[in-house]
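Worksheet: the structure to be examined is printed underneath.
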Amino acid sequence: MSPRILLESRDLVRRFGGIVATDHVTFSLPEGARHALIGPNGAGKTTFINLLSGVLTPTSGEIFLDGANVTNWSARKRAHAGLARTFQINQLFADLTPIETLMLTIAERENAGAAWWRPVGARTDFVDEAVALLAQLGISDIAHHRVGELAYGKQRLLEIAVALAQKPKVLLLDEPAAGVPEHEREQILDVVAALPKDVALILIEHDMHLVFRFAKSISVLVNGGLFVEGTPEQIANDPRVRQVYLGEEEVNV
Amino acid sequence: MLTILLDGIAYGMLLFILAVGLCVTLGLMNFINLAHGTFAMAGGYLTITLMQKAGVPFLWCLPAAFIFAAVLGLVLERTLYRHLYDKTHLDQVLFSIGLVFISIAMVDYAYGANQQIVNLPDYLTGRFSFLGASIGVYRVFVIAICGLLVVSLQLVLTMTRFGSRLRAAVDDGRVARGMGIDVTRIFAVTFAVGSGLAGLGGALGTGIISFDPTFPLKYMIYFLIVISVGGTTTITGPFLAAILLGVADVAGKYYVPAVGGFIIYTIMVVVLIVRPQGLFARAAAK
Amino acid sequence: MSAITPSTEAIRARAVLLGRSRWGVAEIIFWVLAFACYWLFPTKLSLLSEIAILGLVALSVDLVLGYAGIVTLGQGAFFGIGAYAAGLAAKHGMGTSLWSDPVIGLFIGGGVAAVIGFATSFLVLRGSDMTRLMVTLGVALIVDEVVNQMKWLTGGSDGLQGVLPSAVLGIWEFDLFGRVAFVYSMVVLFVLFVIARALVKSPFGLSLQAIKGNMLRTRAIGMPVNARLVAVYTVAAFYAGVAGALAAQTTQFASPDYVAFHRSADAMLMLVFGGAGHLYGGLLGSIIFRTMQDVLGNITPQYWQFWLGVTLVALVLFVRGGILGLLGNMLAAWRRKGGAS
């Protein structure tokens, strides 16, 4: 029996004016996947993630989430259906605290976000869950600080915490370690490695250490199209992939 | 009919000259300057003062108004406005409304709240008959001057080095900066010229619209309509919008005085909802 | 599921989160003082009722602008709509029927404003600050035009005459000294304030702050952003409408001045004076704004306008977050100093 496919794109195309940013990408992600999406700068990785998560609408093609055709669903509806993502550039609430951010996310997940008659914190089960999540990511110490004042690495961890608070089936991580200083990097790698096994994961990353440490399968995206797909060993030894990266003068392997 | 059309066009062209500086400010620095009318008022009151107190001929007042408003704009840009570019839109709105209030109070204090009337020179008053319509000489004069300005603006923007740099900066400030274009200086110059044009418009306007200290507040709405309908990516967009607004306003006041304002505001809201980037703007290229 | 005793961190988090909605001493003092004005300034009661009403409008702007981050220049429209709706109800109720009951009038004013607020809320869901500014301003201008043109209903520029509300709850007649008007306005303000306070400290309120902070992320976590914005815009319109109703009832008059542009601008300025996003910002702002206007405006109107302009410019350039922001910064500086020594 083949594993359940949680996320799928069929012939996905996105054009911006004359530029084809996503070029007929057909792709599927099974349960429990640890999949890395790599490719040179401008290959269309973030566009692809934006299409999957509903920030952009495709020019043509279809997207399926756990069997349902979600092509025309809003980002919000996809989030409720179990699709969570982090952003390459932090998209957080600068004026809230991490605990508030997670309380908010949990409340939305449980459809309790519009409650206006009871104070935040009245749902003690939400508080406990938020506290546990912060502990899981090792950022309990900054639970009550203003997010806007946190160190960059802590914000990156909060990005992941928010996505996890959605209890997703599929998690899209868009360069989780991008721009993180070396001494905070290890913490993020540990967090990514320890993500729940039942969540299907897509990781966009430039850091090949992270990719090869973590991924069980890899897709290479070039000029918006799927260039090659395979196991880490296959990709590492594929001369065409080397060619693409050498052409970009960006070999981190 | 023709009379109204021509009056409308003259009024619309005047609105364009008054508002064009604002389009560039908004498009270039993404800055909401509600105090733009202050510069027009400065030009208008300068003309009134020069003519009434010093007996300066009207035609000399026009360049004087331009220079006065441009210098005022430059000074304010260098001292105050530049601190506001990286602030929120709300802050920009509050700041510029504050400037409007200050200017209104100062003009009110100096000149009183009465409407000011200018006696135009004889050769600009009077009417003549054309195709059976009675045409005011001053309207033709305004159309000629404004038309000249529009053409020269368009030429400056498309033909000169400054123009191409300005357009690059409007299109994408960051890229322009990266290409070594001094956006800050371009903006200071543009701000001054835009203010100067508003001042010139104010001076020209003394013959058409009545001036009282609440001018910046009253006309703020018209300016905002021009830029929100016309968009900020070109100058032809606001130009068409201004003509349309001018004709609609004059015709509306003439034919359907009861609902004229209503129609204009409704069109504005509809345009804003349907085409937030402006009715005549190029489709945003991304 | 086994019952797990919450960790110390969880207990602390609960305390921190719930502590934000507890009433502070300063708040209680504020409201005691506000009501005590009845005895403190018995000759200034009509001005004080007016301040309470303006405070309510500023509170309504705070919900939209301070919390949800929607730049609006049109709250005066809802104020005016509420004033005319309640005024018309009282006028045609002839001081006897249920229609002229003031409390019912509040619901009429607030209700009509809320319906129009709901309908126009869909216009502010999209677009930049500039678009929203223009759209809210445009709606306010349209309302202004309609009020001026529908002379048969609104009395046009003469205003709505003969607004005669009956006694509040059938007991307290409005008196010449504005005593009933003051207590009535203050009670309404207080009740609506308590509701607004609960609202902004709830998950709903938190979601508004999140929308203001980052709309992209709120959608990504599955929040129905549009529904929230529609809801808060409608509630705010209701608040402004109630304020308008109060104004019409206590002054027994409604005029086009109630829907004029300066109403919207003033409401926003009051909020910014006090500090947006603080609940009390609008209230403090309306006190300072109206008092300044009263004192300076009595010298000459230009004087008031000039200093209003200077204050605004100074506020934007030097003070972040209005009076409350200033107080907050001073408090923080004082604490830091205290901690260092």
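Residue numbers (the numbering used here), protein chains in the order written: chain A, 2 to 254; chain B, 1185 to 1470; chain C, 2 to 342.
Glycine residues also receive a C-beta, built at the ideal position from the N, C-alpha and C atoms.
These figures come from a predicted structure and were not determined experimentally.
- Item | residue 24 of chain C in three-state terms, based on DSSP | Numbered from its first residue, the third sequence carries residue 24 of chain C at position 23. Three-state result, residue 24 of chain C: coil.
- Exposed or buried, what is residue 86 of chain A when buried is set at 16 or more other beta-carbons lying within 10 Å of its beta-carbon? In the first sequence, counting from the first residue as 1, residue 86 of chain A sits at position 85. The residue in question, residue 86 of chain A, is buried, as its Cβ has 16 or more Cβ neighbours within 10 Å.
- Sequence ranges, alpha helix (DSSP H) only - wholly within the stretch 242–278 of chain C, length at least 4: Runs found: 262–275.
- Query: Secondary structure at residue 129 of chain C, three-state DSSP: helix, strand or coil?
  - Reply: To locate residue 129 of chain C, count along the third sequence from 1; it is residue 128. Residue state, collapsed to three classes: coil.
- Extent of the continuous alpha helix (DSSP H) to which residue 124 of chain A belongs: In the first sequence, residue 124 of chain A corresponds to position 123, counting from 1. Run containing residue 124 of chain A: none; DSSP gives neither H nor E here.
- If we count the other Cβ atoms within 10 Å of its Cβ and call it buried at 16 or more, is residue 1342 of chain B buried or exposed? The sequence position of residue 1342 of chain B within the second sequence is 158, counting from 1. Burial call: exposed.
- Query: In chain order, what residues of the same chain have a beta carbon less than 7 Å from the beta carbon of residue 14 of chain C, not counting five sequence neighbours either side?
  - Reply: Walking along the third sequence from the start, residue 14 of chain C turns up at place 13. Result list for residue 14 of chain C: empty, nothing under 7 Å.
- Query: Hey, quick one: how far does the beta strand (DSSP E) through residue 27 of chain A stretch, first residue to last?
  - Reply: On the first sequence, position 26 is the one that residue 27 of chain A refers to. Residue 27 of chain A -> beta strand (DSSP E) spans 20–31.
- Proximal residues to residue 68 of chain C (C-beta, below 8 Å), its chain only, five neighbours per side dropped: Here the question's residue 68 of chain C lines up with position 67 in the third sequence. Only 201, 206, 209, 210, 213, 233, 278 meet the Cβ criterion.
- Task: Starting from residue 35 of chain A, follow the beta strand (DSSP E) in both directions and report where the run begins and ends.
- Result: For the purposes of this step, residue 35 of chain A is identified with residue 34 of the first sequence, where counting begins at 1. Residues 35–39.
- Task: Look at the Cβ atom of residue 227 of chain A, then the Cβ atom of residue 26 of chain A, and state whether they are nearer than 8 Å.
- Result: On the first sequence, residue 227 of chain A is found 226 positions in, with the first residue counted as 1. On the first sequence, residue 26 of chain A is found 25 positions in, with the first residue counted as 1. Contact flag set, yes.
- Item | Chain-ordered residues of the stretch 1290–1323 of chain B with a beta carbon less than 8 Å from chain C | 1290, 1292, 1293
- Message: Report the CB separation of residue 148 of chain C from residue 155 of chain C in whole angstroms; it is logged as a contact under 8 Å.
- Response: Position 147 of the third sequence, counted from the first residue, corresponds to residue 148 of chain C. Position 154 of the third sequence, counted from the first residue, corresponds to residue 155 of chain C. Indeed they touch by this definition, with Cβ atoms about 5 Å apart.
- With distances taken from CA atoms, which of A/3, A/119, A/99 is nearest residue 261 of chain A? Nothing in the structure corresponds to residue 261 of chain A, since chain A is present only between 2 and 254.
- Among residues of its own chain, excluding the 5 on either side of residue 1347 of chain B, which ones have a beta-carbon nearer than 7 Å to its beta-carbon? In the second sequence, counting from the first residue as 1, residue 1347 of chain B sits at position 163. Taken in chain order, the residues that qualify are 1340, 1341.
- Query: At which residue ranges does the stretch 47–114 of chain C contain complete alpha helix (DSSP H) runs of 4 or more residues, listed in the order of the chain?
  - Reply: 76–94
- Message: Residues of chain C with CB closer than 8 Å to the CB of residue 1366 of chain B, please, in chain order.
- Response: Along the second sequence, read from residue 1 onward, the residue named residue 1366 of chain B stands at position 182. Within chain C, no residue comes near residue 1366 of chain B; the closest Cβ sits about 25 Å away, beyond 8 Å.
- Message: Is there a Cβ of chain A sitting closer than 8 Å to that of residue 66 of chain C, yes or no?
- Response: The residue labelled residue 66 of chain C in the question sits at position 65 within the third sequence. With 8 Å as the cut-off, residue 66 of chain C does not count as an interface residue toward chain A.
- Task: Measure from the C-beta of residue 345 of chain C to each C-beta in chain B and report whether the shortest distance is under 8 Å.
- Result: Nothing can be reported for residue 345 of chain C: it is not among the residues displayed for chain C, which extend from 2 to 342.
- Task: For residue 1325 of chain B, write down the residues that DSSP places opposite it in a beta bridge.
- Result: What you label residue 1325 of chain B is simply residue 141 of the second sequence in a count that begins at 1. Checking the DSSP bridge columns, you'll see residue 1325 of chain B has no partner listed.
- Task: Check each candidate in C/204, C/312, C/247, C/288 and name the one with the smallest Cα separation from residue 124 of chain A.
- Result: Counting from one through the first sequence, the residue named residue 124 of chain A turns up at place 123. Residue C/204 holds the alpha-carbon nearest to the alpha-carbon of residue 124 of chain A among C/204, C/312, C/247, C/288.
- Close-in-space but distant-in-sequence residues of the same chain around residue 329 of chain C (CB under 6 Å, 5 per side omitted): Here residue 329 of chain C refers to the residue found at position 328 when the third sequence is read from its first residue. Contacts found: none.
- For residue 185 of chain C and residue 169 of chain C, the rounded distance between their alpha carbons: The count along the third sequence starts at 1 and reaches residue 169 of chain C at position 168. The count along the third sequence starts at 1 and reaches residue 185 of chain C at position 184. Computed Cα separation, rounded: 8 Å.
- How many angstroms separate the CA atom of residue 259 of chain C from the CA atom of residue 135 of chain C? The residue given as residue 259 of chain C occupies position 258 in the third sequence. The residue given as residue 135 of chain C occupies position 134 in the third sequence. The alpha-carbon atoms of residue 259 of chain C and residue 135 of chain C are separated by roughly 20 Å.
- Query: When Cβ atoms are compared, which residues of the stretch 280–310 of chain C fall closer than 9 Å to chain B?
  - Reply: 301, 302, 303, 304, 305, 306, 307, 308, 309, 310
- Message: Rounded to whole angstroms, what is the Cα-Cα separation between residue 20 of chain C and residue 122 of chain A?
- Response: Stepping through the third sequence from its first residue, residue 20 of chain C is reached at position 19. Stepping through the first sequence from its first residue, residue 122 of chain A is reached at position 121. Taking the straight line from one Cα to the other gives about 9 Å.
- Mind listing the chain C neighbours of residue 145 of chain A? Cutoff is C-beta to C-beta under 7 Å, in chain order. As a first step, residue 145 of chain A must be located in the first sequence, where it is residue number 144. Going along chain C in sequence order, the residues near residue 145 of chain A (Cβ under 7 Å) are 17.
- Three-state secondary structure assigned by DSSP to residue 1194 of chain B: For the purposes of this step, residue 1194 of chain B is taken as the residue at position 10 of the second sequence. If DSSP states are grouped into helix, strand and coil, residue 1194 of chain B belongs with the helices.
- Task: Check the Cβ of residue 219 of chain C against every Cβ in chain B and list those closer than 7 Å, keeping chain order.
- Result: Your numbering for residue 219 of chain C matches position 218 in the third sequence. None at all; the shortest Cβ gap to chain B is about 19 Å.
- Task: Using a cut-off of 9 Å between C-beta atoms, extract the partners of residue 125 of chain A located in chain C.
- Result: Taking the first sequence and counting its residues from 1, the one referred to as residue 125 of chain A is at position 124. Residues of chain C passing the Cβ test: 7, 11, 15.
- Using CA coordinates, which residue listed in A/223, A/222, A/206, A/221 is at the minimum distance from residue 215 of chain A? In the first sequence, residue 215 of chain A corresponds to position 214, counting from 1. Nearest C-alpha to residue 215 of chain A: A/206.
- Use the C-beta contact count for residue 1312 of chain B: other C-beta atoms within 10 angstroms, 16 or more gives buried, fewer gives exposed. Residue 1312 of chain B sits at position 128 when you count from the first residue of the second sequence. The residue is exposed, with fewer than 16 neighbouring Cβ atoms inside 10 Å.
- Complete alpha helix (DSSP H) runs within the stretch 144–206 of chain C (minimum length 4 residues, chain order): 152–155, 180–201
- Item | Residue-level contact to chain C via CB, residue 95 of chain A, 8 Å cutoff | Residue numbering aside, residue 95 of chain A sits at position 94 when the first sequence is read from its first letter. With 8 Å as the cut-off, residue 95 of chain A counts as an interface residue toward chain C.
- Sort B/1305, B/1337, B/1296 by Cα distance to residue 301 of chain C and report the nearest one. Residue mapping note: residue 301 of chain C aligns to position 300 of the third sequence, counting from 1. Ranking B/1305, B/1337, B/1296 by Cα distance to residue 301 of chain C puts B/1296 first.
- Applying a beta-carbon distance threshold of less than 7 Å, which residues of chain C neighbour residue 1281 of chain B? Within the second sequence, the letter at position 97 stands for residue 1281 of chain B. Here the neighbours are 266, 313.
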